[in-house]
Amino acid sequence: MKASRIPWIPLLGWSCIAHAGPLSPSLAPGQNLDLSSYRLQTLDEQRRFREVEPVGTYQDAYFFTDGGTGEMMFRVPSGAGHSANSEYPRVELRESGSWMMDPASQQVHAESIELRVMAEPATGSLIFAQIHGEKAGGSEALKLRWLNGDVVMGVKQHYRDPEQRIPLLRQVPLGAPIDCRLRLVGDTVSVEVSSGTARAAREFQYAADSWRDIPVYFKVGNYSQDRREDGSTSVVAVRRLTLTR
23 MKASRIPWIP
33 LLGWSCIAHA
43 GPLSPSLAPG
53 QNLDLSSYRL
63 QTLDEQRRFR
73 EVEPVGTYQD
83 AYFFTDGGTG
93 EMMFRVPSGA
103 GHSANSEYPR
113 VELRESGSWM
123 MDPASQQVHA
133 ESIELRVMAE
143 PATGSLIFAQ
153 IHGEKAGGSE
163 ALKLRWLNGD
173 VVMGVKQHYR
183 DPEQRIPLLR
193 QVPLGAPIDC
203 RLRLVGDTVS
213 VEVSSGTARA
223 AREFQYAADS
233 WRDIPVYFKV
243 GNYSQDRRED
253 GSTSVVAVRR
263 LTLTR
């Protein structure tokens with residue numbers, strides 16, 4: 023594993039998807055931000071898991087625009103419905119396409135996010151960004167976790183490995199802006215996060231042979247790590263989302 027500081031990644035000249043201009047509280051998330059390369063994983067009126075594609079102007083009680091700030095909101099009641107391969111509830115955007123880790127490739131796959139964790143579940147734990155694989159049973163290549171105010175990077179060098187956890191930021195207050203930049207080139211992921219004056223950067227190299235045949239994709243939102251119906255609700259607000267392929 024490499025654990026060195028890396029420079030901020032410039033967006034100028036990249037092929038990317040981003041919002042242009044201020045966020046409007048009167049518009050749906052998909053009108054403020056270009057979500058055309060994502061599908062939405064959310065909850066229905068009975069709090070059962072469902073998917074929506076295209077996102078378009080869709081909003082519901084769990085995925086909506088904040089009426090004051092215009093931020094894209096991901097709201098997850100603890101113990102709500104979950105997908106077939108998980109025990110935990112989520113409201114997330116999942117990249118519609120996928121791609122492969124190839125150590126010989128110089129193609130850039132990147133996601134840049136500005137977010138705030140507004141409320142955490144009773145467990146204090148949620149996941150707000152991922153690189154996930156199209157294979158069940160341990161294909162989460164990268165997770166960015168919120169753990170009671172700490173931001174932690176979770177990685178698996180090989181498919182199905184136990185997750186290695188690398189602390190990035192400590193004791194970030196609820197509601198504080200977090201800038202997060204993920205970049206994968208070849209078989210190496212670069213992660214840079216900052217909040218206020220705190221900043222951390224890491225690189226991690228995957229075992230390419232283990233991941234070579236598993237398509238992967240980005241996710242962003244609120245993957246609550248509380249499966250109990252304990253009355254708590256977690257909320258994540260996103261004001262910037264940029265996808266680079």
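Quick note on our numbering: the sequence shown kicks off at 23 and runs consecutively. Beta carbons are placed, not taken as given, at the ideal position from N, Cα and C, and that holds for glycine.
Which residue or residues does DSSP assign as beta-bridge partners of residue i?
i: V260; result: M94, L137
i: E156; result: For E156, which the question treats as bridged, DSSP gives no partner whatsoever.
i: I188; result: M175
Could you name the residues of the same chain whose beta carbon sits closer than 7 Å to that of residue i, not counting the 5 residues immediately before and after it, in chain order?
i: G103; result: L65, R69, R70, F71, P111
i: H180; result: A229, S232
i: G159; result: R182
i: L191; result: D172, V173, V215, S217, A220, A222
i: S120; result: E156, P237, V238, Y239
Only counting the same chain, and skipping five residues up and downstream in sequence, which positions put a Cβ closer than 6 Å to that of residue i?
i: S147; result: L169, Q247
i: G89; result: P47
i: A259; result: E93, M95, R138, M140
i: S254; result: S100, P143, A144
Can you say whether residue i is buried or exposed, counting buried as having 16 or more other CB atoms within 10 angstroms of its CB?
i: Q63; result: buried
i: D209; result: buried
i: L196; result: exposed
i: Q128; result: exposed
i: N107; result: exposed
i: A163; result: buried
i: R250; result: exposed
Since residue i and residue j should fall inside the 8 Å C-beta cutoff, what is the C-beta to C-beta distance between them, to a whole number of angstroms?
i: I135; j: R221; result: No, I135 and R221 are not in contact; Cβ-Cβ is about 15 Å, not under 8 Å.
i: D201; j: V215; result: 7 Å
i: I188; j: V174; result: 7 Å
i: V130; j: T266; result: 6 Å
i: Q186; j: V177; result: 5 Å
For a test of your reading of the model: does the CB of residue i fall under 7 Å from any non-hydrogen atom of the ligand ATP? Yes or no.
i: R72; result: Among the components of this structure there are no ligands whatsoever, and the ligand ATP is therefore not found.
Ordered list of beta strand (DSSP E) runs contained in the region 55-84, each at least 3 residues: Runs of the beta strand (DSSP E) inside the region 55-84: 60-65, 71-74.
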